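Student: Residue numbers (my numbering): 447 to 692.
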Ligand code: UDP
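1) So the alpha helix (DSSP H) residue 390 belongs to, where does it begin and stop?
2) Using three-state DSSP, classify residue 653 as helix, strand or coil.
3) Would you call the CB atoms of residue 504 and residue 551 closer than 8 Å?
4) Roughly how far, in whole angstroms, is the beta-carbon of residue 636 from the beta-carbon of residue 606, given that I think they are within contact range, below 8 Å?
5) May I have the straight-line CA-CA distance separating residue 612 from residue 691, to the nearest angstrom?
6) Considering Cα atoms alone, identify which of 529, 468, 595 and 640 is closest to residue 578.
7) Return the first residue and the last residue of the beta strand (DSSP E) that residue 524 is part of.
8) Identify the residues that DSSP records as bridge partners of residue 634: which are they?
9) Tell me whether the beta-carbon of residue 651 lies closer than 8 Å to the beta-carbon of residue 448.
10) In angstroms, rounded to a whole number, what distance separates the CA positions of residue 628 and residue 450?
11) Cβ of residue 532 versus every heavy atom of the ligand UDP: is any distance shorter than 7 Å?
12) Quick check on this structure: which residue in 496, 485, 486 and 534 has the alpha carbon closest to the alpha carbon of residue 477?
Put into structure tokens, the structure is as follows:
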């Protein structure tokens, strides 16, 4: 989050945001499932200007072997930003931010998976950000969750996610890059809707306690809308397969 230039208005007099959205409106989201031939499961998500690919491998033999658990599979997650995904070229390879995001995404996905079914194996999730425009961790969770379902990994529920935040003294849903840079807070949330569980909750910036609770509620509403889209995307793929077989 950066100091906002005086002349930049993130909300106009009519309450519209710089990309034309209303306060509680999501960016456009498109999801495609099964886009990579060599992965066990995969998904591609375009969320506003974010472009994110997720690939799942496993359950498979673990290397190095000492990580093996005799009672369950281990889940490994790598979130990576392509060097060309941001305005200023990102140095390739892991950095503090991507290590942290990989860790919180792992934590967001793990409660949904039934890892005890696959002892001594690993399930590996790769999230590649091809184009970034804020909200890549929530879009990454959404893509990864679809890829896990596509890989046929037994899950208690899909994990969905969305962020809410604060710009110009107002709470808004799903910040874009300018809003993330010049707004005053960002609250990414991931949920498992069936169990009413929150599996990721972070906050960057400043909010009062009341605003924070409102922002969480708003992000959950957003994530529930995204969840419906995830279900539709999965149904679309598998209904197509069934109709092709007939
Ligand atoms: N960003 C960037 N360069 C970087 C890291 C981030 O330009 O090295 C941008 C990118 O658009 C990203 C946004 O800043 O989506 C917000 O990053 P943040 O760490 O808040 O995570 P995100 O909102 O993507 O989950």
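For each residue, glycine too, the CB sits at the ideal point set by N, CA and C.
Computed from a predicted structure; not experimentally measured.
Tutor: Taking the structure as given:
1) Past the edges of the chain, shown from 447 to 692, lies residue 390, and the structure says nothing about it.
2) coil
3) no
4) 7 Å
5) 49 Å
6) 529
7) 520-527
8) 609
9) no
10) 5 Å
11) yes
12) 496
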